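Below is one structure, written out as structure tokens; the observations come after it.
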Amino acid sequence: MKPHWLIDTHIWIWYGMRNPKLGAAARELIERSVQEGGLAVSIMTLWEISLLESKERIHLGMTAAEWLEEALALPNLMALPLELPAILDAHRLPGIFHADPADRLIVATARHHNLTLITDDRKILDYANQGYLRAYASNDKELLKT
Numbered sequence: 825m826k827p828h829w830l831i832d833t834h835i836w837i838w839y840g841m842r843n844p845k846l847g848a849a850a851r852e853l854i855e856r857s858v859q860e861g862g863l864a865v866s867i868m869t870l871w872e873i874s875l876l877e878s879k880e881r882i883h884l885g886m887t888a889a890e891w892l893e894e895a896l897a898l899p900n901l902m903a904l905p906l907e908l909p910a911i912l913d914a915h916r917l918p919g920i921f922h923a924d925p926a927d928r929l930i931v932a933t934a935r936h937h938n939l940t941l942i943t944d945d946r947k948i949l950d951y952a953n954q955g956y957l958r959a960y961a962s963n964d965k966e967l968l969k970t
């Protein structure tokens, strides 16, 4: 099944760690997508989680490798590779967007695959408001209407 949703790094971590910061709408959408399909993460997210854990900026309760292996075992979750069009788009995104390479590659992956990004990253949500990306915050009830 083709994915419809791309989840940002922190959204995936919050879901996997059962963090109450994750909005109820996103939690419901992720749980529905695990059953029905349509959910994806970028390979860049895997790298970012590994990096954050190695720098001790996040604590997963296990190694990043163990956490990622468990998280990737979610039924119907697709890990999307970095593809050349997304890589090229990442450094020339239209509009105004910040320079963080991980965010740029995640946004470019969503754009390349025509996916809606679920994120609570204010910079990404502001970019979506410019009209170059479809994105919802994790507590946005509109998620459940799509």
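Quick note: the sequence shown, position 24, residue 848 per the numbering used here, numbers continuous.
Note that the Cβ used here is the ideal one computed from N, Cα and C, for glycine as well.
Treat the numbers as computed from the prediction; the structure is a model and nothing was measured.
Between the alpha carbons of residue i and residue j, how many angstroms are there, rounded?
i	j	result
Asn938	Leu912	16 Å
Ala932	Gly885	30 Å
Leu941	Ile831	6 Å
Arg928	Lys879	21 Å
Pro925	Asn843	25 Å
Ile948	Gly847	17 Å
Glu872	His922	17 Å
Leu870	Leu892	7 Å
Met841	Asp944	16 Å
Trp836	Glu860	17 Å
Gln954	Thr833	22 Å
Is residue i helix, strand or coil by DSSP?
i	result
Ser866	strand
Ile911	helix
Tyr839	helix
Ala889	helix
Ile882	coil
Ala897	coil
Ignore the nearest five residues each way along the sequence and tell me which others in residue i's own chain have a CB closer than 6 Å to its CB.
i	result
His828	Gly862
Ile854	Tyr839
Leu882	Sequence check: residue 882 is Ile here, not Leu. So the list reads Leu876, once near-sequence residues are dropped.
Pro905	Ile867
So, for residue i: in the same chain, excluding its five sequence neighbours on each side, which residues have a beta-carbon less than 8 Å away from its beta-carbon?
i	result
His936	Glu907, Pro909, Ala910 and Asp913
Ala889	Ser874
His971	Nothing in the structure corresponds to residue 971, since the chain is present only between 825 and 970.
Met902	Pro827, Leu863, Ala864 and Val865
So, at 7 Å on beta carbons, what are the nonlocal neighbours of residue i in its own chain, with the 5 sequence-adjacent residues on each side left out?
i	result
Ala849	Ser962, Asn963, Asp964, Lys965, Leu967 and Leu968
Ser857	Trp829, Leu863 and Asn900
Lys845	Trp838
Determine, using beta carbons only, whether residue i comes closer than 9 Å to chain D.
i	result
Leu870	Looking at the structure shown, chain D is missing, and only one protein chain is on hand.
**Asked** Which full runs of the alpha helix (DSSP H) of 4+ residues lie inside the segment 910-963, going along the chain?
**Response** 925-936 and 946-953
**Asked** On the three-pair Cβ rule with 8 Å, is the segment 882-902 touching the segment 949-966?
**Response** no
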